[in-house]
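In full-length UniProt numbering, the protein residues as written are 1 to 273.
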């Protein structure tokens, strides 16, 4: 009995510990399964995810050309943190970078990407506070948009300006048109304010355009040469009508005409002896 009393508690301890181990293992497995479940970001491109987490800032001062390295980065981030303070954002941005080509006296657009989309929505919601800021009054914040969305937004601003100049009143741009605050109605976008789409595949390099012209000219000359061979052949058959079908096909092949085309042409000519 003494041996049993010494062994059974140990067995109970082993059973209890194994149960604890099993439950912890089950919890870890369920946690791993939750982590492997598809999130909202799966199925979308990286550009789409970045746009939902980013804002574009216009009018924020840019470092002077003389600054380099750490001095330029310090100047840039000092202004970024001042802007985020006005927008009531306390998180560290994932990254920030300037857009476009540097122009004299005009600061480039600044794109700030946050670690989550909730910070982007907060920044856009608090952007109206910049109107009351003494330092950042001329700084404007908008969401990151695609090229088509920017085209529509520009057309809406042009239409709003036209309405203010022609009818007066108060109008503001909304997602689906222009809202007339006086009449409490939304005016849809007028297509005449949309700019035409630019051909992004148009070559701007004169050398490339010249090469394309040369290739087209060579192709035209080759087609003309083959057409002349076919015409000579047809004239010959109409005059003499003495060569056989095999010889006619062979003549066309020697002059660079495909065999199938030559056979088709042979079938459309006058009967040969």
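Virtual Cβ for every residue (Gly too), placed ideally from N, Cα, C.
Residue range 171 to 174 is occupied by the beta strand (DSSP E) that includes residue 171. Taking C-beta separations shorter than 6 Å and ignoring five residues to either side along the sequence, the partners of residue 126 in its chain run 87, 88, following chain order. Counting the other CB atoms within 10 Å of its CB gives residue 113 a total of 16 or more, which places it among the buried residues. Straight-line measurement puts the Cα of residue 83 at about 15 Å from the Cα of residue 95. Two segments are said to touch when three or more pairs of C-beta atoms, one from each, lie closer than 8 Å; by this definition the region 119 to 133 does not touch the region 161 to 173. As DSSP reads the structure, residue 180 sits in a beta bridge with 171, 185.
Around the C-beta of residue 198, fewer than 16 other C-beta atoms lie within 10 Å, and the residue is accordingly described as exposed. Rounded to the nearest angstrom, the gap between the Cα atoms of residue 103 and residue 58 is 14 Å. Taking residue 117 as the centre and dropping the five residues before and after it, the same chain places the C-beta of 52, 53 closer than 7 Å to its C-beta, in chain order. For residue 58, the beta-bridge partners assigned by DSSP are 140. Looking at the DSSP output, residue 98 bridges to 110. Remark: C-beta atoms of residue 162 and residue 119 do not approach each other more closely than 9 Å. For residue 135, the three-state secondary structure derived from DSSP is coil. Nearest to residue 90 by C-alpha distance, out of 115, 67, 101, 100, is 115.
With a cut-off of 8 Å on Cβ pairs, the region 147 to 159 is not in contact with the region 59 to 73, counting fewer than three such pairs. For residue 76, the closest alpha carbon among the candidates 109, 176, 145, 140 is that of 109.
Per DSSP, the beta-bridge partners of residue 103 are 106.
Setting aside the 5 residues that flank it on each side, residue 144 is surrounded in the same chain by 51, 54, 56, each with a C-beta closer than 6 Å to its C-beta; the list follows chain order. Residue 165 and residue 146 have their C-alpha atoms some 29 Å from each other. Comparing alpha carbon positions, the residue from 182, 47, 85, 62 closest to residue 130 is 85.
Ranked by how close their Cα comes to the Cα of residue 141, the residues 111, 48, 177 have 111 in first place.
In the DSSP assignment, residue 156 falls within the unbroken alpha helix (DSSP H) covering 147 to 166.
Boundaries cannot be given for residue 193, as no alpha helix (DSSP H) includes it and DSSP labels it neither H nor E. For residue 116, the three-state secondary structure derived from DSSP is coil. Each residue's CA atom was taken as its position, placing residue 160 and residue 178 some 7 Å apart.
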